[in-house]
Amino acid sequence: MKSRWLALLLFGLVACQASESSSGIRLPMGFIPNIQFAPFYVALERGYFSEEGIELEFDYSFETDGVKLVGAGELPFSLVSGEQVLLARAQELPVVYVMAWWQDYPIAVAAPVGSGIETPQDLAGIQIGIPGTFGASYVGLRALLYSAGLTEEDITLDSIGFNQVESLISGRQQAVVVYVNNEPLQLNASGSPVNVIRVADYVDLASNGLLASESILAEDPDMVRGMIRATLRGIRDTIEDPEAAFEISKQYIEGLDQLSPADQDLQRAVLAESIKFWKTDRPGYSDPQAWENMQTVLLEMGLLAKPMDLAAAFTNEFLP
Amino acid sequence: MTPILTATDLSLVYPNGNGGLQALDRVTFSAQRNEFLCVIGASGSGKTTLLRLLGGLLNPTEGEVQFEGERMIGPRRRIGFVFQAANLMPWRSALENVKLPLELQGTNSGANSRRAAELLKLVGLVDFENTLPRDLSGGMAQRVAIARALVHEPDLLLLDEPFGSLDALTRERMIFELLRIWQMRKVTILMVTHSIWEAVLMADRVLVLSQRPGSIRLDLEMPLSRPRSLDMMHTPEFGKLVDQVRSAIE
Amino acid sequence: MTALLPLVAIGVALLFWEGVARWSEIPLFILPPPSAIGERLARSIADGSLQRHTLVTLSEVLAGLALGAVSASLLGYGLAKSSTLEHALSPYIVASQSIPIVAIAPLLVIWFGPGRLSKVLISALIVFFPVLINTIVGVRTVPTELYDVMRSLRATKAQIFRKLEVPAATPVLLGGLKIGATLSVIGAVVGEFVGSDQGLGFLINVGNGLYDTPLVFVAVITLVAMALVLYGLVAMLERKVLAWRIVEVG
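Take a look at the structure:
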């Protein structure tokens, strides 16, 4: 997501590249190569995808571009955050969420320890920095405010780009919107401990998972099942042996191997924090209530004009 | 009567990292008030350099220039300059170009325009006040340049091959135009040229510069009557003067 | 008639686009037909959002353009007049030009906050280089002969600046400003992409985030129009100020 605007400029190129690949499946990840994609690296390395007859390639382009490519039928799958599914379907993109990967919404608000900002109620009257008023960060923040009976008028919101860590340390912002598994760890490691107000502790929202095109669901359901099976095996392996997953990821994330021991430990911590979001009794299962909640928040934000048929937006039908 | 301009032992060396290039070597002469002097010499004899020294645009390595009894250190308002090219400001009309010296002196602008218009009339460009330089012929542009050099009533006018780039007919016309202006304004003129007949036809006195380093090879009076005319060129007297100047150059 | 040709060309292109989009069943979010973009344009004008975002971007662009052009022409003049300054600074100026603006835009947002100031600075930065170079070139190409004219008339430094260097360098300077005018729009939008909650760059982000491709087109078209208008204004200024350069035909 950091490459949001750059990717936008390169949209044309990305689209061309994506449609060129015919040999296998290109999977838009929605973010740069990152340790949080370890389950996919593990599943690819251990041959889980090829066992299903899938030749997988990673595509680190912009999240909404991935959704558009799936909607256009150019690609079968993409990784997305829950709100994108509803926003895309509202614009009549034929896409369906087929596998929940993150069990909780990973967005949070972080404020310095000792600032007294510890609950959503404390956000009233506070100056908060956010990458931009769009995407998961914005949805998460609005959900958090909504849970406390607050609106955007009750806070001062600054769009600061992906500069949350710098903005909080410099004192330019009193609080910042972050990914639970990322910036708080950086802040703590750089000696600026923060309180983390997690969206997931206050409202259950549909989170990151696998998106598929309606056409692939109709034409090749077995392939969809295979894709999900392989991904879930990668997730399970990563949860069971994070250190092995970390070692495998070194081959897929350029520069990870060259990081200082301290920075490598930070990445291990990111992985450990992410894994907490993946543990569940029902792997891949989408909770209808989380989708209801997501729709309520998006309607309240004015990002959706009217309620939609949520049953068509996600399915648990292809889970093993 | 004291001379208006005196050059004493003027030498100029252009630095070139190799001991320097000597352009002029102890040039000495003087000009009387209202005199018409022509300086002539082969190319590279330092004619333009001499003119720039006399106008204060260059400082001599040795020797000095005195203008109205005072040592020259920089350009003077009482000296007007006409260059090889007209060098008009292309964004100014003919009138505005002529006005420029007055503007720089900070004098009243309504009076400036009247002065400039008078000068344009003097050089025969009454109907071209608002014409831009791009629409003027070479001869017209050079006449505007002469008007500009005269507008602030200088006592000395320095001209550097002013007709060099003009065609033969225009050149002849301009020669008599300048002589007419000189006679009306009563100004001292020192003109550099590379045309022998032009020098003989126009000047009271002709100075011949030697090859580099330039020094005065000949300082010769032109005892022809005034006003001058083209017919004079066919007299034996004129031919003799031309021969004298030519042999001094060669 | 030839003036209408571009209009005919764009009309044909729009019709072709409309036809392709309608009959090939390309989804709206991939390539909206002109009619859908027009409808979206009308809606964003009706609710006032397009005007609001356009004004924000326009104010950033104008401030950035002014800041960039003024500071660049001041520094450019200094560099053109002082070779010491130029030798000291030029390596860094050239190096600074190779910094991709998209890479340092996030830093500027951190340093100067997420408000309009950071966008103005990014815009000014992107305008800076072409104006700087053109100022240097403009001042350097003032003919030395015209400096001689000014010096022979004893013009002061301020007079040389006002009456020679400014008008002589203006054509080249305006050329730089024309390039700068279109670049300034890019600068402001890059800044808005990085972090903002208003402006046309923000509107593009919103359109992308909501899969509202017609809205993206509306914002992009508005940006193009803004750049064209700015370019046109500078070109108009150029025609007015530089009438002396245009040779009349016929």
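Residue numbers (this note's numbering), protein chains in the order written: chain A, 26 to 345; chain B, 416 to 665; chain C, 159 to 408. Built from N, CA and C at the ideal position, the CB exists for glycine as well.
What is the residue span of the alpha helix (DSSP H) that residue i lies within?
| i | result |
| --- | --- |
| C:G365 | 358-367 |
| C:A221 | 207-239 |
| B:Y429 | Per DSSP, B:Y429 belongs to no alpha helix (DSSP H); it is in the beta strand (DSSP E), 420-429. |
| B:R600 | 583-600 |
| B:N545 | Unbroken run through B:N545: none, as it is neither H nor E. |
| B:Q520 | 509-520 |
| B:V442 | Counting along the chain, B:V442 falls outside any alpha helix (DSSP H), though it belongs to the beta strand (DSSP E) covering 436-446. |
| C:F410 | With chain C running from 159 to 408 in the structure shown, residue 410 of chain C is simply not present. |
Between which two residues does the beta strand (DSSP E) harbouring residue i extend?
| i | result |
| --- | --- |
| B:M606 | 603-608 |
| B:V480 | 477-482 |
| B:M647 | Segment: none, B:M647 is in no beta strand (DSSP E) and carries neither H nor E. |
| A:P101 | Run containing A:P101: none; DSSP gives neither H nor E here. |
| C:L165 | Counting along the chain, C:L165 falls outside any beta strand (DSSP E), though it belongs to the alpha helix (DSSP H) covering 163-181. |
| B:V454 | 451-455 |
Can you confirm whether residue i, when its beta carbon is compared against all beta carbons of chain B, has any partner nearer than 9 Å?
| i | result |
| --- | --- |
| C:K321 | yes |
| C:E303 | yes |
| C:L400 | yes |
Spatial neighbours of residue i within its chain, please: C-beta separation below 8 Å, excluding the five flanking residues on both sides.
| i | result |
| --- | --- |
| A:S215 | V190, I194 |
| C:I379 | I195, L199 |
| A:S46 | Bear in mind that the predicted position of A:S46 carries a pLDDT of just 38, short of 50, making it too unreliable to give a figure here. |
| B:D619 | E450, F451, L452, E636, M637 |
| A:Q320 | L111, L329, P332, M333, L335 |
| B:A438 | L427, V428, Y429, G461, T464, R627, P628, G629 |
Using a Cβ-Cβ cut-off of 9 Å, state whether residue i counts as contacting chain C.
| i | result |
| --- | --- |
| A:I185 | yes |
| A:P156 | yes |
| A:N207 | no |
| A:T321 | no |
| A:E117 | yes |
| B:F496 | yes |
| B:P548 | yes |
| A:N233 | no |
| B:L425 | no |
| B:L515 | yes |
| B:M504 | yes |
| B:E518 | yes |
| B:P490 | yes |
| A:S215 | no |
| B:G554 | no |
In its own chain, which residues sit with a C-beta less than 6 Å from the C-beta of residue i, not counting the 5 before and 5 after it?
| i | result |
| --- | --- |
| A:P345 | R254 |
| A:V95 | S103, V120, L236, S238 |
| A:S337 | First, the residue type needs correcting, since residue 337 of chain A is Ala and not Ser in the sequence shown. Once the five neighbours on either side are set aside, A:A337 has no close Cβ partner at all. |
| C:L400 | P329 |
| C:L253 | The sequence given here places Ala at residue 253 of chain C; Leu does not occur at that position. Once the five neighbours on either side are set aside, C:A253 has no close Cβ partner at all. |
With a threshold of 8 Å (Cβ to nearest heavy atom), would residue i be considered close to the ligand ATP?
| i | result |
| --- | --- |
| C:I268 | Inclusion of the ligand ATP in the displayed structure is not the case, the ligand content being empty and no account of it being possible. |
Take residue i and list the residues in its own chain whose beta-carbon comes closer than 7 Å to its own, dropping the five residues that flank it on each side.
| i | result |
| --- | --- |
| C:F375 | P190, I195 |
| A:Y73 | A255, R258, G259 |
| C:N366 | V374 |
| C:I294 | G234, L237, A238 |
| C:A263 | I280, V348, G349, V352 |
| B:A457 | Q626, I664 |
Give a yes or no on whether the minimum CB-CB distance between residue i and chain A is below 9 Å.
| i | result |
| --- | --- |
| C:T160 | no |
| C:T371 | yes |
| C:I188 | yes |
| C:G273 | yes |
| C:P191 | no |
| C:L220 | no |
| C:F360 | yes |
| C:L163 | no |
Interface residues of chain D around residue i at Cβ under 9 Å?
| i | result |
| --- | --- |
| B:M487 | No chain D appears in this structure, whose protein chains are A, B and C. |
Inter-stretch contact at 8 Å, needing at least 3 Cβ pairs: the region 122-137 of chain A / the region 321-331 of chain C: no
Cβ contact (3+ pairs, closer than 8 Å) linking the region 132-142 of chain A and the region 217-229 of chain A: yes
In chain order, each beta strand (DSSP E) run of at least 3 residues that lies wholly inside the region 271-314 of chain A: none
Segments assigned beta strand (DSSP E), at least 3 residues, entirely inside the region 83-146 of chain A: 102-105, 120-125, 132-137
Validate contact between the region 436-445 of chain B and the region 537-553 of chain B using beta carbons, cut 8 Å, 3 pairs: no
The region 309-324 of chain A contacting the region 421-433 of chain B, beta-carbon criterion three pairs below 8 Å: no
Completely contained beta strand (DSSP E) runs for the region 234-274 of chain C, where each covers 3 or more residues: none
Validate contact between the region 560-580 of chain B and the region 488-496 of chain B using beta carbons, cut 8 Å, 3 pairs: yes
The region 313-328 of chain C / the region 505-524 of chain B touching (three or more Cβ pairs under 8 Å): yes
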